[in-house]
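Only one structure is covered here, and it is reproduced in the block below.
Number of protein chains: 2
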Amino acid sequence: MSLSDVILGRPLASKEAEKEELTVVTGVPVLGLDALASTAYGPEAALTVLMLLGVAGLQYLPWITLVIVAKLLTLYFSYRQTQAAYPNGGGAYLVAKDNLGMNAGLCAGVALLLDYLLNVAVAISAGVGAVVSAIPALYPHTLSLCLIVLFTLLIVNLRGVRETGMTFVVPVFVFIASIAFVLGVGLIRAWSSGGQPDPVVPPPPLPPPRAEPSTWLLLTAFANGLTAMTGIEATSNAVALFREPKVKNAHRTLTVIMLILSVFLLGIGFLCPAYQIAAMNEREPGYQTILSQLVAAVSGRGSFYYVALASIFIVLTCSAQTSFADFPRVCRLLAGDRFLPPAFARRGRRLVFSHGIVVLAILAGALLVIFRGITDALIPLFAVGALTAFLFSQAGMVVHWLRRRHDRSARTSLFYNALGAVTTSIALVIVVIAKFTEGAWMVVIVGPAAAIVLQRIRRHYEKIGREIDVPLALAKPPAQRPIAIVPIESWNRPAEKALRFSLLLSDTVIAVHVDIKQDGGARLKELWGDKVEQPARAANLSAPRLEILESPYRKVYEPIVDFVQKTSRQAPSRLVTVILPDLAEPRWYEALLHNVFGAALKTLLYLRAGEYVVVVYVPWYLRDV
Amino acid sequence: MSLSDVILGRPLASKEAEKEELTVVTGVPVLGLDALASTAYGPEAALTVLMLLGVAGLQYLPWITLVIVAKLLTLYFSYRQTQAAYPNGGGAYLVAKDNLGMNAGLCAGVALLLDYLLNVAVAISAGVGAVVSAIPALYPHTLSLCLIVLFTLLIVNLRGVRETGMTFVVPVFVFIASIAFVLGVGLIRAWSSGGQPDPVVPPPPLPPPRAEPSTWLLLTAFANGLTAMTGIEATSNAVALFREPKVKNAHRTLTVIMLILSVFLLGIGFLCPAYQIAAMNEREPGYQTILSQLVAAVSGRGSFYYVALASIFIVLTCSAQTSFADFPRVCRLLAGDRFLPPAFARRGRRLVFSHGIVVLAILAGALLVIFRGITDALIPLFAVGALTAFLFSQAGMVVHWLRRRHDRSARTSLFYNALGAVTTSIALVIVVIAKFTEGAWMVVIVGPAAAIVLQRIRRHYEKIGREIDVPLALAKPPAQRPIAIVPIESWNRPAEKALRFSLLLSDTVIAVHVDIKQDGGARLKELWGDKVEQPARAANLSAPRLEILESPYRKVYEPIVDFVQKTSRQAPSRLVTVILPDLAEPRWYEALLHNVFGAALKTLLYLRAGEYVVVVYVPWYLRDV
C-alpha cells in the first residue's frame, strides 16, 4: 500500500459511483446546512457595522434583520419556481446558460465559483471564530487554525466523501436544537423581565459610539447582513436528489429551511439588543462571536455552552465542505463547455474531481492568509459573489417564464422570480457601493477578469478543435532523412548518448556549443577529433560536425534557436530535429535542478523555430548512488 | 526596441564590465550606508521593548545604548584585523570557508543570505515608516508602499546599477548632516535647559507602564537594539575597492563610520529620554518613528523636517539596495562551489546576476507581506541572521590567527578577533533566547534547513559530475531500429504528424490509446484501417498497430508508462522511443493549457521506464488565427 493510498484511500473504479435519495428530514440538514450556517456570521456582520453607533446601534438590529428576512422571503418564492421548472437541477450556471445564453452562463458560473470559494473562507474563519471564542488562549493562532481546518477538508475531499449528506445530519440537528434552545430560553427571559433579562455571563462592555446614525450606515449594515441568506440557493440545484414526489419534497424542505433560518435571524436580531450584546473587534485578543456571547448570556459557560459552540464550529466546517463538493462540480460543468481545461472534468482516483478541489483549497488558503482569517474582512467579497450568482439565476428564470408567458401559472412564477431578481439587484447595488472600498472592488475586478480568461480559454479550445480535428489519412514520410542538431555543454556521457541516438536518425549531425565562457570551446574542439570524428568514421558513419556559437551577451538559448532557424531555412524541405542530452533523475525533485534548460529551449523552439522542428530528449539515467 | 529593452535596458556585452576606486570620502557613504542606516531602526527597536516600562523605560535607553556601542567597538577592532588579513575581500563566506572549512563556509553563506534578505525587508519597512511618519495619511498603505519600493529596487537592479557607489554619496551626506544637526541642536538645548528641553513639536504622550523592570526585559531590549550594528561588516569585504594604500584607506573609512555611528546612537539614546520620546505602536494609525519625533521636537515640522525625513527614507532604501548588490554576489560564490544551480553564477543581460536578484525580491516580498511591513516584527529575525554572519566571520579569523600564532602581531589580532567572536556569541545567545518566540525561531529553523538543502544540492552536482563527466569515445549506434510508441487521444492532425515522424525512425510503430471514456476506443478503431493502415501499406511501410489500453481507475499516464515498460522488457536490446504529438502555441501562455500532459508523461517515463527510453516531441504548429 503506497503512502498516497493511506492518505487518499485506495483508487475507486469508475463503476463504483452510487446514488442516494433525500427526504425532507434528511434534506433539511443536507441542503439547509449552508443557509443555517449563515446565522453564525450574517447577523454579526450587520452588527459589526452598527457598533459604530455604540449602544444606539443595537436598537437598529431587529429592523435590519426584518428587512433581510423580507428579502429572504422573495428569494424563497423565487427559488420555489426554479425548483418546479428545473426538477433535474437548476443551478445558476444551468439556468443562466439555458435562458440567457452561453456568456451569461459563464458569468453565472464565475459568480458561483467566487461564491463557493468565499463560502469556504468565511465558513472556516467564522468556525474558527467560534473556537477562539470558546477557548480564548487559541486566539493568537486564528490563522493557523483556519489553515489546519482547510487542509483537513482538502484531504477529506481528495479521499472523496461518499456519505456526504448523511454525516451532516447529526451535527446540524444538534446545532438547530442548541440555537433553538438558546433563543427560546432567551426570549422567554426577555419577555418575563420586560425586555431587560439578566445575563448569566454578562457580555463584554459595549464600545463607545464613533459615528452618527445615517441612512448610509444602515445600508452598509444591511449589505453586510445579507450574507445571512447565502446558501439558500442550494435546494434549487438538488430536486433530482429527492425521493418521489421530488418537487413536492424539495418544496417542503425549502420551506422548513426558510422557516428555521428566519426564526433564527429574528431571534438573534431581537436578543442581541435585549442582552446588550455587541459585535467585538475580531482583530483584538479576547474576541468572541455574538453567538458565543449570546449562548453564554443565556445559559452560562457550562457544558451546554461548549456543546453549542462545538456544533456551530462543526456546522460551519460542514458548510465549507459543501462548497468543496459544489465548486468542483461547477468546474466540471465549465470544463464540459470547454471554459476550463479538460482535466477539470476528469474524476480523480477516488471518483472526485480532484483538480477543482485542489484549486479551491489553494485559492481559499490564499484568501485566508491575505485576510488573516478575519471573517469581517471577507464578508463584503462574499456578499457580492453570492448576490451575483442569485441574480443570474433569477434573471434566467425571468426569461424562462417570459418565454412561457401565455401559460397562466407561468405568470405567477414570473412575478415571484422578477421580484426576486429586482430585490437582488437592489441589494447587489447597495453592497457594491457600500462595501466597494472594503473589498467588494476585488470581486468587481476579479469576477469579470476571470470570465474573460475563461471565455478566451473556450475560444482557444474551439480554435484548436477546428484546426486539428481533421481525420485525414496518414501521409508519406519525407524521403530525405532529417538534420540533427545536438546542443552540448561539454563532452560527457549524456552528450555521447544523444549524439549516438542522432546518428540513428540522421546522416547530417551537427553538435552546437554556446560559448558562454568566451574561450572558443577550446576543450571541446580538442576532444572532437579523437572522441567523435574518428570513432564515427571507423563505424562508417558521416562524422558529426561541431559548431561553436558565439554569445557576447551570455545568452544561453537564443544562439541555439537562431542556429536552428538558420539551418531550417537553408534546407526548407528537410525536417530539423533538435536532440537534447537530458538527465533522468531517480527522484523527481532532483529534476528541478536540471531540466529547466531542456524545457525552456523546447518552448523557445516552438515559439520561434518554425514548422519543421522536432524536439527529442535523450535521457541519461543517473544511478541512485 | 523590445519592451524588455525599455524596462531593463539594452543588453550589455561581457566586455563592458568596469571598475572604480574608493577614497575615504566616497568610502564612508558607499560602505557606511548600511551601518548608518541602522540608526533609523536600531535604537527604536530597543526603545520599543523599554516602552513596556512606560516613562521609566526611557531612562534605561542611554545605558543600553552604551552597551551596544561597547559591543560595536569590539566589532570595530575585530573587522580591522579582517581588513588587514584579507585585502582582496574578506566576506564572512570566504573567511569561514578559508579557515573553518567548506561546511562552515556554507553556514556563513546561508547566514549572510538571511542577513541580506532581512536587511532588505527591514530597511524598506523602516524607510516606509519614515514616509508614513511624515505623511500620516499614507499609514493605511504601509504594505503597498513597501512593495512598491521593493518592486522599484527589483527593476533598478535588473537594469544593473553601474554607478552604485557614487549615487549614494549625496543622500548619505544629507542624512549625516541632518541627523548631526538635529542631535547637535538637541544636545545644546538639553544642556542649556538642564536636561529638560522644550520640544518645538511635542511628541505624543507616553504610554502607561505595562511591566516591571527586570534583567530579562533589559536583555530583550539590548537584543533588539543590536540591529543598530548591522551593516558594519561591509568594509571588511571591500578593501580591494579602495585606492592605494588600500588597507590604510579601508581602516580610516571604517574608523570614520564607527565614529559617526557611535555618536548617532549615543545622541539618540540620550535625547529620547530628554525629550520624552517614546517608541509608538507600528500597528496603529498615527505611528511615527522616533527619529521623526526627534526631528520634529528639535526643529519643528517645517521644511527641514521633510528634508531630514526624506534623507532617512532614501538612505534606508539605498541600504536595501546594497543588499540587492550583495545577495546575488554571495549566491554566485555559493553557485561557484556548486551549492546552488549554475544559473546563479551567470550574469544576466545587464551584467548583473539576475537570478539572485529575482530570488531576493521574491523572498523579501514574502517577508513584507507576512509581516505586513512592520519593522518591529522583522527585527528579531534580522538580529539573528546578522549576528550569525558576524560570528562565522570572526570565528574564522580566530582560526586564521591561531595558525599564525608564532607571529607576534598575529597575537594582538587574535585577541581582538577572539574578543569580537566571544561578545558576538554572547549577543547571539541573548537574541535567540530573548526573541525566540517572536520570530527568532524561524531563523533558527530556516537557516540550518537551507544549509542542509544547499549541502545536498552540492552533493548532487558532485555525484552527477563524477558520473557523467567522462570524455569517452562515441560508441556505435545499435544495429536494430528503435520501437516507436505513439500515445494518441484521437485521430487528428498532430497524431498524424507524430505517426508520420515515427515511420521515419522505426519499422515497429505502435499507437496507444488510453480508454478513459470506457468505450473501447471505438471511433479510433473504426478510422484505423482506412486512415492509417491502408496509406502505410500503399507507401510500402509496415503499418502502425493500434493498442487500446484499459484504465478502470481513469489514470491517464500509468497505462502508457506500463505499456512502455512492458515493451522495453520484451525487447531489451532495442531502444524504445515514445513519440508525443504536441501542440506548439503561437503564444507562450497558451502552452499552459496543453503541455502539462507531455511534460508529466516524460517525467514519469524518466522515473519509471528505464534506460532504453527516448522521448520525442513532434509539435503541431497552431496558426495564429
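Those sequence lines, one after another, are chains A and B. Each step along the first sequence adds one to the number in this note's numbering, with nothing skipped, and position 358 is 358. Each step along the second sequence adds one to the number in this note's numbering, with nothing skipped, and position 505 is 505. Don't be surprised by glycine CBs; every beta carbon is placed ideally from N, CA and C.
Cα-Cα separation between residue i and residue j, rounded to whole angstroms
| i | j | result |
| --- | --- | --- |
| A539/A | D507/B | 22 Å |
| L622/A | K476/B | 21 Å |
| L150/A | A111/B | 34 Å |
| A121/A | N119/B | 34 Å |
| R545/A | F501/A | 15 Å |
| A498/B | A600/B | 18 Å |
| A137/B | L206/A | 29 Å |
| D624/A | L580/A | The predicted position of D624/A is uncertain, since its pLDDT is 48 and thus under 50; a value taken from the coordinates is nonetheless stated next. If you take the alpha carbons of D624/A and L580/A, they lie about 22 Å apart. |
| L266/B | C107/B | 33 Å |
| L472/B | N492/A | 7 Å |
| M442/A | Q455/A | 20 Å |
| K246/A | T437/B | 58 Å |
| Q565/B | P559/B | 10 Å |
| G356/B | L381/A | 37 Å |
| G27/A | V532/B | 55 Å |
Beta-carbon neighbours of residue i, restricted to chain A and to distances below 9 Å
| i | result |
| --- | --- |
| A473/B | E496, D530, K531, V532, Q534 and P535 |
| P487/B | Neighbours of P487/B on chain A: none; closest Cβ ~15 Å, over 9 Å. |
| Y617/B | K602, Y606, V614, V615, V616 and Y617 |
| W441/B | Ordered by position in chain A, no residue passes the 9 Å Cβ test against W441/B, which lies about 14 Å from the chain. |
| L504/B | P477, P478, R481, P482, L505 and L575 |
Local conformation of residue i per DSSP, three classes
| i | result |
| --- | --- |
| F371/B | coil |
| M1/B | In this prediction, M1/B scores a pLDDT of 46, lower than 50, which makes its location untrustworthy; no coordinate-derived value is stated. |
| L22/B | strand |
| T508/B | strand |
| V615/B | strand |
| Y621/B | strand |
| V486/B | strand |
| D337/A | coil |
| V298/B | helix |
| V30/B | helix |
| D469/B | coil |
| D515/B | strand |
Neighbourhood of residue i by C-beta distance below 7 Å, restricted to the same chain and skipping five residues each side
| i | result |
| --- | --- |
| L113/A | F327 and V330 |
| S292/B | A130, S133, A134 and L309 |
| G520/B | I548 |
Cut-off 8 Å between Cβ atoms - residues of its own chain near residue i, not counting five sequence neighbours on either side
| i | result |
| --- | --- |
| E547/B | I510, A511, V512, H513 and F563 |
| L22/A | V30, L31, G165, A238, L241, F242, R243, N249 and T253 |
| A56/A | P209 and P213 |
| A211/A | L52, L53 and L217 |
Interface partners of residue i on chain A, CB under 8 Å
| i | result |
| --- | --- |
| F501/B | P477, L575 and V614 |
| A584/B | Y606 and L607 |
| I357/B | Per Cβ cutoff of 8 Å: no residues; I357/B is ~15 Å from chain A at best. |
Chain C contact residues for residue i, given Cβ-Cβ distances below 8 Å
| i | result |
| --- | --- |
| N492/B | Given the protein chain composition of this structure (A and B), no chain C is represented. |
Neighbouring residues, chain B, relative to residue i (Cβ below 9 Å)
| i | result |
| --- | --- |
| R346/A | I516, R554 and V556 |
Same chain only: Cβ atoms within 6 Å of residue i, ignoring 5 sequence neighbours per side
| i | result |
| --- | --- |
| R338/A | R458 and Y461 |
Chain B residues whose Cβ lies nearer than 7 Å to that of residue i
| i | result |
| --- | --- |
| A539/A | K476 |
| Y621/A | E611 |
| I148/A | Within 7 Å Cβ-Cβ: nothing; I148/A doesn't reach chain B, min ~18 Å. |
| L527/A | P471 |
Suppose only complete runs of 4+ residues qualify. What are the alpha helix (DSSP H) ranges in the segment 543 to 590 of chain B, listed by chain order? Taking only runs of at least 4 residues, the alpha helix (DSSP H) segments lying wholly in the segment 543 to 590 of chain B are 558 to 570.
Which ranges does the alpha helix (DSSP H) cover as unbroken runs of at least 4 residues, wholly within the segment 353 to 430 of chain A, from first to last along the chain? Qualifying alpha helix (DSSP H) stretches, in chain order: 354 to 370 and 375 to 403.
Contiguous alpha helix (DSSP H) assignments of at least 4 residues, all confined to the segment 116 to 178 of chain A: Within the segment 116 to 178 of chain A, the complete alpha helix (DSSP H) runs of at least 4 residues are 142 to 159.
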